[in-house]
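Notes to accompany the following structure.
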Amino acid sequence: MSAQAVLHAAADLVAAFARNDRAAYFGAFSSDATFVFYTLPQPLLSRDAYQALWDSWRRDEGFEVLSCTSSNATVSLQGDVAIFIHDVATELRMNGEQFFSQERETIVFKRQGFGAEQQEGLWLACHEHLSAMPEGLPPP
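In numbering that gives the first Met the number 0, the protein residues as written are 0 to 139.
Listed below in structure tokens is the structure:
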């Protein structure tokens, strides 16, 4: 089991988000994944709940990710669980306006079984927590 496998899974997740690839992005999460976003009044308690919100943003507000860049990544392996922390710079469009945010994010990954081609198993995200970047810090 290596941190490299988790870093690869995280990079794939971020890349799918950056290119608005709904299927690949949500496919990087387990069905029972939970989400805590500082921009929402309550947690999302399943992947389906987040997908429904994503779809409503796209339909009602023209939501589109324009770019997403990860930096300062660290991984802590805890058996079949890995904690991935990074800084994330995101540019998106909603209601015809562009927004830029700098945030810090924790994504918890859980190893899912072992396949013939996957000697380490598949790492799926099971929890995401997004926080606003503290004031006064330089950009990543």
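All residues carry an ideal CB built from backbone N, CA and C; glycine is no exception.
Fair warning: this is a prediction, and the values are worked out from it, not measured in the lab.
Selection from the options that minimises the alpha carbon distance to residue i
i, options, result
"residue 109", "122, 102, 26, 74", "122"
"residue 27", "130, 129, 106", "106"
"residue 111", "85, 80, 90", "80"
"residue 38", "103, 74, 70", "103"
"residue 7", "132, 128, 131, 124", "124"
Where residue i sits in the DSSP three-state scheme
i, result
"residue 3", "helix"
Close-in-space but distant-in-sequence residues of the same chain around residue i (CB under 6 Å, 5 per side omitted)
i, result
"residue 68", "88"
"residue 115", "Residue placement at residue 115 is poorly supported in this model, since its pLDDT is 49, which falls under 50; the coordinates are not used for a value here."
"residue 73", "84"
Where the beta strand (DSSP E) containing residue i begins and where it ends
i, result
"residue 92", "80-93"
Extent of the continuous alpha helix (DSSP H) to which residue i belongs
i, result
"residue 23", "21-26"
Own chain residues within Cβ distance below 7 Å of residue i, not counting five before or after
i, result
"residue 60", "93, 94"
Close-in-space but distant-in-sequence residues of the same chain around residue i (CB under 8 Å, 5 per side omitted)
i, result
"residue 45", "30, 31, 32, 33"
> Does the count of Cβ pairs from the segment 52-66 and the segment 5-20 closer than 8 Å reach three?
Replying inline: Contact holds: three or more Cβ-Cβ distances are below 8 Å.
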